[in-house]
Amino acid sequence: MKTQSLHKRESTLAQSKRQLEILSNGIFQNGELPTFKSKISETNQFPLKAKKLEILQINIGYMCNQVCEHCHVDAGPDRQEIMTKETMQQCLYVIKNTGAHTLDLTGGAPEMNPNFRWFIEEAAKAGIKDFIVRSNLTIIRANKKYYDLPEFFKKHNVHVVSSMPHWTRGKTDKQRGDGVFDKSIKALQELNAVGYGMPDSNLRLDLVYNPSGAFLPGDQASMEKDFKKALLEDFGIQFHNLFAITNLPISRFLDYLIASENYEDYMYALVEAYNPSAVANVMCTNTLSVSWEGYLFDCDFNQMLELPVSSKIKHISEYNEELLEGRNIVISQHCYGCTAGAGSSCQGTVA
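Residue numbers (full-length UniProt numbering): 1 to 351.
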């Protein structure tokens, strides 16, 4: 288990340009596998077009208390990139003047941004219907200043979406680090204690599963049943939904695929599992991703690959809904990850 980000290790894969070179060359350049553009063209789905904005996903910093094996953000304690209050205010202006009904805060560990609570309080005043915070759970137990997060989330009716690779200690700690499982269980129990995840509660608690190796996730509904049974029987924990998310071949997961000599096999698996019916509902069509600096991207993955939106509007301070709606979505081979099998998005399967 590595304890530093690719960025800190000065890995060539910390550079988005190098990642895109790998995704564009080799088996895609020589024609062994079709590019994503040619694949969606077969079913007349190119170019992908943005629809009406429903979800504003904001990455408020790459700083995290964990260094997870497959993190596509390459987050960690050594990352210092943090959204400023000024950029948050620009985001709030857009939130108040757009039709987006969901605000999705992510990181890193978003809770580590010093203005995190202020941002939630201000956004709550703006009347957001669904307010998501993507928590790694262990942050709740990382430091005394975070111990009251369950109560804070409850006060503002925050929808908590939490990473949980598996219901067993071994598989979870392998992917996320020693001790992560026990801290995650404790955090889930504390969220349950204030009402999160209970069957009739409107305090939403959802878990996110992503595979621990070079394979695609299984059936989401079946896994949800297994997770619910195991967590309830072993720890008395309840939650609402499980989202199964496919690992995309970028950043640390790409590093893992190359180091384990699984890259080509994994790309073959993604292409073979391609599902044209998933294309219509991929998250980039109704979501706008905002970086910690305020720049706009079609999705969180494009943000990490530094592929900005195809629009003259590049920054949240210039936001113009009319000019952004209907834009062409920027694509590359990593997009196969969102269209394999039942499809994958930050809200789980899409097909």
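Think of the CB as a built atom: it goes at the ideal place given N, C-alpha and C, for glycine as much as any other residue. None of these values were measured; they are calculated from a predicted model.
According to DSSP, what are the bridge partners of residue i?
i      : result
Leu23  : None, per the DSSP bridge assignment.
His315 : Tyr295
Gly348 : Ser345
Leu56  : Leu103 and Leu288
Tyr209 : Ala244
Please report the distance separating the alpha-carbon of residue i from that of residue j.
i      : j      : result
Asn59  : Gly127 : 20 Å
Gly31  : Glu325 : 33 Å
Phe46  : Val309 : 16 Å
Asn328 : Lys49  : 5 Å
Tyr196 : Lys154 : 8 Å
Val180 : Glu151 : 22 Å
Gln89  : Glu81  : 17 Å
Ile185 : Cys64  : 19 Å
Ser5   : Phe227 : 30 Å
Glu54  : Lys17  : 30 Å
Asn202 : Thr43  : 40 Å
Cys335 : Ser344 : 10 Å
Gly236 : Val194 : 14 Å
Glu111 : Ile258 : 32 Å
Asn97  : Cys91  : 10 Å
Asn262 : Ile139 : 32 Å
Pro199 : Gly61  : 32 Å
Arg169 : Asp182 : 7 Å
Pro95  : Glu272 : Looking at the sequence itself, residue 95 is Ile, so the reference to Pro does not match. One C-alpha to the other measures close to 39 Å.
Is it the case that the Cβ atoms of residue i and residue j are separated by a distance below 7 Å?
i      : j      : result
Asn247 : His70  : yes
Ala187 : Leu231 : no
Gln19  : Leu191 : no
Val290 : Ile313 : no
Asp78  : Ser251 : no
Leu242 : Ala340 : no
Gln333 : Leu23  : yes
Which of the three DSSP states, helix, strand or coil, is assigned to residue i?
i      : result
Ser291 : coil
Phe46  : coil
Ile331 : coil
Phe243 : strand
Leu13  : helix
Asp219 : coil
Ala340 : strand
Arg214 : It should be pointed out that residue 214 corresponds to Ala in this sequence rather than to Arg. Three-state DSSP puts Ala214 in coil, outside helix and strand.
Phe36  : helix
Ile250 : coil
Arg204 : coil
Leu257 : helix
Residue ranges of each alpha helix (DSSP H) within the region 264 to 308, 4 or longer: 276 to 279 and 300 to 304
Runs of beta strand (DSSP E) wholly within the UniProt domain "Radical SAM core" (58 to 196) (minimum 3 residues, chain order): 102 to 106, 130 to 135 and 159 to 163
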